[in-house]
Amino acid sequence: DNTGENTITTESPPRLSLQPTCQNKIYNRCLSMSTLRALTTMAPCRRSLTTSLFALIIFAVAHLTTTTAQTFTQGECADQKIVVEGCNATDVVTCTANCGLYGTTYLLDKCCKHTGVNANILAFEESATWIPRIEEYGKCTGANIRLQYVDGGEDEMGDALIQDVGENDDETTGQGIYDAYIVQAPWLPPVYKGLKSLTTYIKDNNDYIDFMDINQASRSAVSFEGEVRALPLDTDYISLGWRQDVFGNPDIKEAYKSSWGEELKVPDTIEEMVVIGERLNGRHDYNNDGEMDWGFCLTPQTNYFQAFLAPVLQTHLHECEKTEDGYDCLGANTGQNMFFDVDNFEPLIHNDGFRYAVEMYTRFIMASNCQSQ
Numbered sequence: 061d062n063t064g065e066n067t068i069t070t071e072s073p074p075r076l077s078l079q080p081t082c083q084n085k086i087y088n089r090c091l092s093m094s095t096l097r098a099l100t101t102m103a104p105c106r107r108s109l110t111t112s113l114f115a116l117i118i119f120a121v122a123h124l125t126t127t128t129a130q131t132f133t134q135g136e137c138a139d140q141k142i143v144v145e146g147c148n149a150t151d152v153v154t155c156t157a158n159c160g161l162y163g164t165t166y167l168l169d170k171c172c173k174h175t176g177v178n179a180n181i182l183a184f185e186e187s188a189t190w191i192p193r194i195e196e197y198g199k200c201t202g203a204n205i206r207l208q209y210v211d212g213g214e215d216e217m218g219d220a221l222i223q224d225v226g227e228n229d230d231e232t233t234g235q236g237i238y239d240a241y242i243v244q245a246p247w248l249p250p251v252y253k254g255l256k257s258l259t260t261y262i263k264d265n266n267d268y269i270d271f272m273d274i275n276q277a278s279r280s281a282v283s284f285e286g287e288v289r290a291l292p293l294d295t296d297y298i299s300l301g302w303r304q305d306v307f308g309n310p311d312i313k314e315a316y317k318s319s320w321g322e323e324l325k326v327p328d329t330i331e332e333m334v335v336i337g338e339r340l341n342g343r344h345d346y347n348n349d350g351e352m353d354w355g356f357c358l359t360p361q362t363n364y365f366q367a368f369l370a371p372v373l374q375t376h377l378h379e380c381e382k383t384e385d386g387y388d389c390l391g392a393n394t395g396q397n398m399f400f401d402v403d404n405f406e407p408l409i410h411n412d413g414f415r416y417a418v419e420m421y422t423r424f425i426m427a428s429n430c431q432s433q
């Protein structure tokens with residue numbers, strides 16, 4: 061993630077778990093949509109879009125079955141402060157202080173609006189980032205938002221989502237305990253019909269949400285059958301950058317042309333990136349430390365290999381036929397991925413395209429800081 065907006069971090073705050081005596085009492089289906097908007101708009105930073113979508117964390121809301129809040133008599137779960145008390149909508153000074161944070165005006169007319177409303181969010185990754193946002197929202201609206209984490213984290217979130225939301229078209233599944241979920245996008249397809257459609261809310265509040273400002277790949281990942289079922293919250297990108305001081309250096313440019321008979325330019329394709337990286341590798345000392353530097357610098361993660369493969373293998377979504385001039389890719393939509401055959405689960409690595417991508421990646425790595433790893 062590049063900006064830190066709505067970022068899920070690896071910090072681990074104390075678990076916000078409920079006492080056994082309370083676990084079956086506070087769950088209800090009354091999460092206000094202003095919760096969703098506020099938690100994602102009160103952060104002070106804006107998103108930044110780069111290249112190559114890598115992972116997507118989304119915020120989904122359970123399909124509402126009732127709209128009444130559940131409250132408790134004094135003494136029931138009192139130590140957990142289920143209901144926020146003392147919220148006074150006529151106290152303009154306090155309301156302005158609590159609801160006008162970070163320069164946003166969205167919550168100013170919602171002071172104490174949700175007093176007595178309790179909602180539960182289920183997340184797969186612990187993060188201290190959420191705690192101040194939830195507390196601020198509660199002080200403003202009077203709502204009590206409780207964040208809980210899945211035991212087992214990411215590995216168990218898919219099953220936990222199915223258990224609570226229920227599988228599509230299977231009314232015998234789903235516990236309906238939680239009101240909203242912070243999950244990764246690949247877990248949505250089996251349960252999307254049990255999630256609240258957010259399309260109308262986005263239309264009515266797009267001045268705040270600005271949905272079309274989110275990149276197209278992330279919007280597609282949360283849209284099903286013409287309805288938006290979740291909001292993209294945190295998107296990871298693999299971003300390529302180039303050094304202007306290198307590509308614009310007269311001495312380096314002259315040496316490059318003298319050696320290779322071509323002008324040094326910023327690469328437009330993977331092939332060009334590999335070749336230029338090889339040609340620059342070990343030939344220049346960019347930081348004047350007495351050692352020749354690499355042609356490319358990257359973080360050594362195995363999943364970056366898949367990102368390297370994708371633009372080589374996923375150039376078309378339709379069946380292709382080989383022609384004298386190359387390939388004609390105007391056939392039926394394959395519905396394929398680059399890993400396995402969707403019909404028989406046979407691996408798709410035994411082909412010229414995959415072999416070519418591996419060879420290119422090997423050359424790329426050997427011209428980088430990772431050549432000895």
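In our numbering, each number is its position in the sequence shown, counted from 1, plus 60.
Just so it is clear, CB atoms sit at the ideal spot from N, CA and C, and this is done for glycine as well.
Cβ-heavy atom distance, residue i to the ligand ADP, below 7 Å
| i | result |
| --- | --- |
| F307 | Ligands displayed in this structure: none; no statement on the ligand ADP is therefore possible. |
Euclidean distance between Cα positions of residue i and residue j
| i | j | result |
| --- | --- | --- |
| I205 | G198 | 7 Å |
| G337 | G308 | 16 Å |
| K313 | D305 | 11 Å |
| G226 | P249 | 11 Å |
| A157 | A179 | 23 Å |
| Q208 | T259 | 26 Å |
| F119 | N429 | 37 Å |
| A281 | F271 | 13 Å |
| T232 | F184 | 24 Å |
| T362 | I425 | 12 Å |
| T125 | G146 | Reliability of the predicted coordinates at T125 is poor, the pLDDT of 39 falling under 50, and the value obtained from them is presented with this limitation in mind. Cα-Cα distance, rounded: 29 Å. |
| I181 | D264 | 23 Å |
| D345 | E351 | 6 Å |
| A149 | I194 | 19 Å |
| H174 | S278 | 30 Å |
| C159 | D296 | 30 Å |
| S318 | L340 | 13 Å |
| D294 | G212 | 21 Å |
| E323 | G342 | 19 Å |
| I237 | Y421 | 46 Å |
| V153 | C171 | 11 Å |
| R289 | T329 | 35 Å |
| I262 | Y162 | 21 Å |
| I86 | E285 | Interpretation of I86 is limited by its pLDDT of 30, a score under 50 that renders its predicted location unreliable; the figure taken from the coordinates is listed afterwards. Cα to Cα, the separation comes out at about 33 Å. |
| P371 | M398 | 10 Å |
| E419 | Y252 | 39 Å |
| Q374 | E214 | 27 Å |
| D267 | I298 | 29 Å |
| Y241 | E186 | 13 Å |
| C155 | L167 | 9 Å |
| V177 | D273 | 31 Å |
| Q223 | A367 | 32 Å |
| T164 | E196 | 13 Å |
| K269 | N275 | The question names Lys, but residue 269 is Ile in the sequence shown. If you take the alpha carbons of I269 and N275, they lie about 13 Å apart. |
| A245 | L116 | 6 Å |
| E332 | G413 | 17 Å |
| A315 | Y364 | 31 Å |
Supposed contact pair residue j and residue i - C-beta distance, whole angstroms, cut 8 Å
| i | j | result |
| --- | --- | --- |
| D239 | A417 | That belief does not hold up - the Cβ atoms of D239 and A417 are roughly 43 Å apart, past 8 Å. |
| G218 | W190 | Actually they are not in contact, since the Cβ atoms of G218 and W190 sit about 21 Å apart, beyond 8 Å. |
| G391 | H378 | 5 Å |
Residues that residue i bridges to, as DSSP identifies them
| i | result |
| --- | --- |
| V288 | S283 |
| Q118 | Here residue 118 turns out to be Ile, not Gln, going by the sequence shown. Bridge partners of I118: V243 and P292. |
| S428 | F356 |
| Q208 | L182 |
| L255 | A122 |
| T383 | G386 |
| H407 | Residue identity differs from the one stated: residue 407 is Pro in this sequence, not His. P407 is bridged to F400. |
Counted within 10 angstroms of its Cβ, other Cβ atoms place residue i as buried (16 or more) or exposed
| i | result |
| --- | --- |
| L300 | exposed |
| V334 | buried |
| V243 | buried |
| A427 | buried |
| R303 | exposed |
| R415 | exposed |
| K256 | buried |
| D169 | exposed |
| V210 | buried |
| C53 | The structure shown does not extend to residue 53, since the chain is modelled only from 61 to 433, so the question has no answer here. |
| F400 | exposed |
| A220 | buried |
| V326 | exposed |
| A188 | exposed |
| T383 | exposed |
| S432 | exposed |
| G202 | buried |
| G254 | buried |
| P292 | buried |
Cutoff 8 Å: residue i Cβ touching any chain D Cβ
| i | result |
| --- | --- |
| S319 | Absent here is chain D; the protein component of the structure consists of one chain. |
Exercise. Please determine if the region 347-356 and the region 404-411 are in contact, where contact requires at least 3 C-beta pairs separated by less than 8 Å.
Key: no
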